[in-house]
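Student:
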Amino acid sequence: MWFSRILRRSDGPHRTLRRSFSLTTFLHESISNKRSFYYPTEQIKNLGDFRKFASPEEKQHLERITSEYYAICKRQPENVPEMSDEDWLIHMNYETKLGRASHLNLIRTKQNRKAASKRKLADKSVVAKEEDPKVSHQFTISIAKQKLILRNRVAQAMRLEEPILIDLGFASSMFYNEITDVARHLVQTLGSVNKSAFEPWPTLRVIFCNAKPSIEQNEIIKVFRRLTVGENSFDKLPVTITESSYLDLYKARELVYLTQDADIYYHPTEGIPIIGAIINKTTKDKLLIQRAHNDDIKVRKLPIDLNEKVYDTKMTVAHVIEYVSMLRFTWDPSKARTTLQNRIVSPHQSSDIHKKCGQQD
Numbered sequence: 001m002w003f004s005r006i007l008r009r010s011d012g013p014h015r016t017l018r019r020s021f022s023l024t025t026f027l028h029e030s031i032s033n034k035r036s037f038y039y040p041t042e043q044i045k046n047l048g049d050f051r052k053f054a055s056p057e058e059k060q061h062l063e064r065i066t067s068e069y070y071a072i073c074k075r076q077p078e079n080v081p082e083m084s085d086e087d088w089l090i091h092m093n094y095e096t097k098l099g100r101a102s103h104l105n106l107i108r109t110k111q112n113r114k115a116a117s118k119r120k121l122a123d124k125s126v127v128a129k130e131e132d133p134k135v136s137h138q139f140t141i142s143i144a145k146q147k148l149i150l151r152n153r154v155a156q157a158m159r160l161e162e163p164i165l166i167d168l169g170f171a172s173s174m175f176y177n178e179i180t181d182v183a184r185h186l187v188q189t190l191g192s193v194n195k196s197a198f199e200p201w202p203t204l205r206v207i208f209c210n211a212k213p214s215i216e217q218n219e220i221i222k223v224f225r226r227l228t229v230g231e232n233s234f235d236k237l238p239v240t241i242t243e244s245s246y247l248d249l250y251k252a253r254e255l256v257y258l259t260q261d262a263d264i265y266y267h268p269t270e271g272i273p274i275i276g277a278i279i280n281k282t283t284k285d286k287l288l289i290q291r292a293h294n295d296d297i298k299v300r301k302l303p304i305d306l307n308e309k310v311y312d313t314k315m316t317v318a319h320v321i322e323y324v325s326m327l328r329f330t331w332d333p334s335k336a337r338t339t340l341q342n343r344i345v346s347p348h349q350s351s352d353i354h355k356k357c358g359q360q361d
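UniProt numbering puts the first residue of the sequence shown at 1, with every later residue one more than the last.
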């Protein structure tokens, strides 16, 4: 695909040049700038480590993005967030100016939310002093019971329910901002699992598989850990995370890879569904269908595209999981789609559900 760009020469007021460029070449150059590793690493966990162990090229990269940051400070001093050591290291992972600008917006949003949360807690503490202590105690017991029910139902689902598999093996095919988006979608998945424990249909059983090269080193899991449990273990999460491939867990004939590039619609009786954890905006390669064919797994597409909007950009991994769950329960694509449309929640709502139900003892 070719485009034409008109450039105005500085040495002549009315002279123009026409230059052609290829979109394919542009995408190739973008992919060639993709980083081979992301911070923090085993050796570099803060800026002190960075100054000791980073290469000269990486130090120059930090100088460039620092200059870029200070330029933004001069233009928009009220919109620039404060940056911690961890923020700076993560900031270096973004390959483009647009990605770094989005990261700054994310940091600022988090800081504003944190400040608002502190104000809210201060207001609650004032109200709590005026409340009846018996009512407060009953409320605490109610929450404890909900958490116990959640743990029991999730544990039961892990033993009895057929799983939905999430393939984490695409980290090397994505830029850092895409990896971050995938990790956020996985956080929404935690909220979906927690919600399903209180629904009339079966509780979701979700397995994050193919976390290569290891759970500790997989780039998607690194960001996911930072967004959820931090440095803590994954023991309390309502999902299973494993380095094993789906082929290590189940036979190929028992599996179905879900992709919009397939020609045949998926039915729950066909096998255990696999959902690829990928957002790839820089290539048209059909990565999911290629992987399925290489592993000799049948491919299917969701019947949700019988509706007008086919694989809407708002369909996250969590939405696909909820749709598949409802399709299993109803065996009716129309009912499953309607239920999903009524239940779609924002990432913040889903994250809040996870924090309330899944993390605290």
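The beta-carbon is built from N, C-alpha and C at its ideal position, and this holds for glycine as well.
(1) Where does the unbroken alpha helix (DSSP H) through ARG64 begin, and where does it stop?
(2) Tell me the start and end of each unbroken beta strand (DSSP E) in the segment 186-253 that is at least 3 residues and wholly inside, in chain order.
(3) With C-beta atoms as the reference, is PHE175 less than 8 Å away from LYS34?
(4) Under the assumption that THR228 contacts LEU190 (Cβ atoms under 8 Å), give the Cβ distance between them as a whole number of angstroms.
(5) Assign THR96 to one of two classes, buried (16 or more other C-beta atoms within 10 Å of its C-beta) or exposed (fewer than that).
(6) Please list, in chain order, all residues of the same chain as VAL39 whose beta carbon is under 7 Å from its beta carbon, the five residues on each side excluded.
(7) Below 8 Å on the Cβ atoms is my guess for SER245 versus ASN210; work out the distance and round it to an integer in Å.
(8) Are there 16 or more other CB atoms within 10 angstroms of the CB of HIS319, so buried, or fewer, so exposed?
(9) Could you work out which residue in ALA336, ARG184, SER67, MET326 is closest to ARG226 when comparing CA atoms only?
(10) Which same chain residues, not among the five before or five after CYS73, have their C-beta less than 6 Å away from its C-beta?
(11) So is SER325 buried or exposed if we call it buried at 16+ other beta carbons inside 10 Å?
(12) Looking only at DSSP bridge pairs, what is ARG300 linked to?
(13) Quick one: residues in its chain with C-beta nearer than 7 Å to the C-beta of HIS61, no 5 flanking neighbours on either side, listed in chain order?
(14) Under a Cβ-count criterion, where at least 16 other Cβ atoms within 10 Å of its own Cβ denotes burial, should LEU98 be classed as buried or exposed?
(15) Helix, strand or coil: which one does DSSP assign to residue 362?
(16) Just tell me which of ILE143, TYR257, LEU104 has its CA closest to the CA of GLN290.
(17) Does the beta-carbon of ALA155 have 16 or more other beta-carbons within 10 angstroms, so that it is buried, or is it exposed?
(18) With which residues is ILE166 paired in a DSSP beta bridge?
(19) Tell me whether the beta-carbon of GLY276 lies closer than 8 Å to the beta-carbon of GLU254.
(20) I'd like to know whether the C-beta atoms of VAL206 and ILE166 end up nearer to each other than 8 Å.
(21) Note down, in chain order, each residue of its chain lying with its Cβ closer than 8 Å to the Cβ of LEU287, except the 5 sequence neighbours on either side.
(22) Do LEU204 and ILE321 have their CB atoms nearer than 8 Å?
(23) Using CA coordinates, which residue listed in SER55, ALA101, GLN43 is at the minimum distance from GLN76?
(24) In chain order, what residues of the same chain lie with their CB nearer than 6 Å to the CB of GLN359, ignoring the 5 residues before and after it?
(25) TYR265 by DSSP, collapsed to three states: which one?
(26) Just the Cα atoms here: how many angstroms apart are LEU106 and SER67?
(27) Would you identify the three-state DSSP class for PHE329, choosing helix, strand or coil?
(28) Ignore the nearest five residues each way along the sequence and tell me which others in THR316's own chain have a CB closer than 7 Å to its CB.
(29) Taking just the CA atoms, how far does SER84 sit from TYR323?
(30) Cβ of ASP167 within 7 Å of any heavy atom in the ligand PLP?
(31) How many Å lie between ASN342 and GLU161 at the Cα?
(32) Verify whether the separation of the beta carbon atoms of residue 367 and VAL239 is less than 8 Å.
(33) Going by C-alpha to C-alpha distance, which of LEU168, LYS195, SER192, ASN194 sits closest to residue 362?
(34) For a quick check, are the C-beta atoms of PRO268 and ARG328 less than 8 Å apart?
(35) If you drop the 5 nearest sequence neighbours on each side, which residues of the same chain put their C-beta closer than 7 Å to that of PRO200?
Tutor: A quick look at the data gives this:
(1) Numbered from its first residue, the sequence shown carries residue 64 at position 64. Bounds of the alpha helix (DSSP H) holding ARG64 are 56-75.
(2) 206-209
(3) The sequence position of residue 175 within the sequence shown is 175, counting from 1. The sequence position of residue 34 within the sequence shown is 34, counting from 1. It is a contact, given that the beta carbons lie within the stated cut-off.
(4) Here the question's residue 228 lines up with position 228 in the sequence shown. Here the question's residue 190 lines up with position 190 in the sequence shown. The Cβ separation is near 7 Å, so the contact holds.
(5) Position 96 of the sequence shown holds residue 96. When all chains shown are included, THR96 counts as exposed.
(6) Locating residue 39 in the sequence shown gives position 39, where the first residue counts as 1. In the sequence as presented, Val is not what sits at residue 39; that position holds Tyr. Contacts found: LEU89, ILE90, MET92, ASN93.
(7) Here residue 245 refers to the residue found at position 245 when the sequence shown is read from its first residue. Here residue 210 refers to the residue found at position 210 when the sequence shown is read from its first residue. Rounded, the Cβ-Cβ distance is 5 Å, consistent with contact.
(8) Residue numbering aside, residue 319 sits at position 319 when the sequence shown is read from its first letter. It is buried - the Cβ of HIS319 has at least 16 other Cβ atoms within 10 Å.
(9) Looking up residue 226 in the sequence shown gives position 226. The option with the nearest alpha carbon to ARG226 is ARG184.
(10) Indexing the sequence shown from 1 puts residue 73 at position 73. Within the same chain, CYS73 has close Cβ partners VAL80.
(11) Position 325 of the sequence shown, counted from the first residue, corresponds to residue 325. That one is buried.
(12) The residue given as residue 300 occupies position 300 in the sequence shown. In DSSP, ARG300 forms a bridge with LEU258.
(13) The sequence position of residue 61 within the sequence shown is 61, counting from 1. Here the set comprises MET92.
(14) On the sequence shown, residue 98 is found 98 positions in, with the first residue counted as 1. In this structure LEU98 is exposed. Its beta-carbon is surrounded by fewer than 16 other beta-carbon atoms within 10 angstroms.
(15) There is no way to answer for residue 362, as the model of the chain reaches only from 1 to 361.
(16) Walking along the sequence shown from the start, residue 290 turns up at place 290. It is TYR257 whose Cα lies nearest to the Cα of GLN290.
(17) Here the question's residue 155 lines up with position 155 in the sequence shown. By the 10 Å Cβ count, ALA155 comes out exposed.
(18) Working through the sequence shown from its first residue, we reach residue 166 at position 166. PHE208, ILE275.
(19) Start at 1 with the first residue of the sequence shown, and residue 276 comes out as number 276. Start at 1 with the first residue of the sequence shown, and residue 254 comes out as number 254. Cβ atoms of GLY276 and GLU254: not closer than 8 Å.
(20) For the purposes of this step, residue 206 is taken as the residue at position 206 of the sequence shown. For the purposes of this step, residue 166 is taken as the residue at position 166 of the sequence shown. Yes; because the gap between Cβ atoms is below 8 Å, this pair is in contact.
(21) In the sequence shown, residue 287 corresponds to position 287, counting from 1. Here the set comprises PHE170, SER173, GLY276, ILE278, ASN280.
(22) Numbered from its first residue, the sequence shown carries residue 204 at position 204. Numbered from its first residue, the sequence shown carries residue 321 at position 321. Cβ distance < 8 Å, so LEU204 and ILE321 count as in contact.
(23) Residue mapping note: residue 76 aligns to position 76 of the sequence shown, counting from 1. Of the candidates SER55, ALA101, GLN43, the one whose C-alpha sits nearest the C-alpha of GLN76 is ALA101.
(24) Position 359 of the sequence shown holds residue 359. Model confidence at GLN359 stands at a pLDDT of 41, short of 50, so the residue's coordinates are unreliable; what they give is reported in the following sentence. Here the set comprises nothing.
(25) For this step, residue 265 is matched to residue 265 along the sequence shown. Looking at TYR265 - three-state DSSP - the assignment turns out to be strand.
(26) For this step, residue 106 is matched to residue 106 along the sequence shown. For this step, residue 67 is matched to residue 67 along the sequence shown. Rounded to whole angstroms, LEU106 and SER67 show a C-alpha spacing of 19 Å.
(27) Taking the sequence shown and counting its residues from 1, the one referred to as residue 329 is at position 329. PHE329 falls in the helix class under three-state DSSP.
(28) Within the sequence shown, numbered from 1, the residue matching residue 316 stands at position 316. If we look at THR316 and ignore the five residues flanking it on each side, its Cβ neighbours are HIS185, GLN188.
(29) Against the sequence shown, residue 323 aligns to sequence position 323. Against the sequence shown, residue 84 aligns to sequence position 84. Roughly 39 Å separates the two Cα atoms.
(30) Of ligands this structure carries none, so the ligand PLP is not represented either.
(31) Along the sequence shown, read from residue 1 onward, the residue named residue 342 stands at position 342. Along the sequence shown, read from residue 1 onward, the residue named residue 161 stands at position 161. Their backbone Cα atoms lie some 24 Å apart in a straight line.
(32) This structure cannot settle anything about residue 367, because the visible part of the chain is limited to 1 through 361.
(33) No answer is possible for residue 362: the residues shown for the chain start at 1 and end at 361.
(34) Start at 1 with the first residue of the sequence shown, and residue 268 comes out as number 268. Start at 1 with the first residue of the sequence shown, and residue 328 comes out as number 328. Yes, these two residues count as a Cβ contact at 8 Å.
(35) Residue numbering aside, residue 200 sits at position 200 when the sequence shown is read from its first letter. None.
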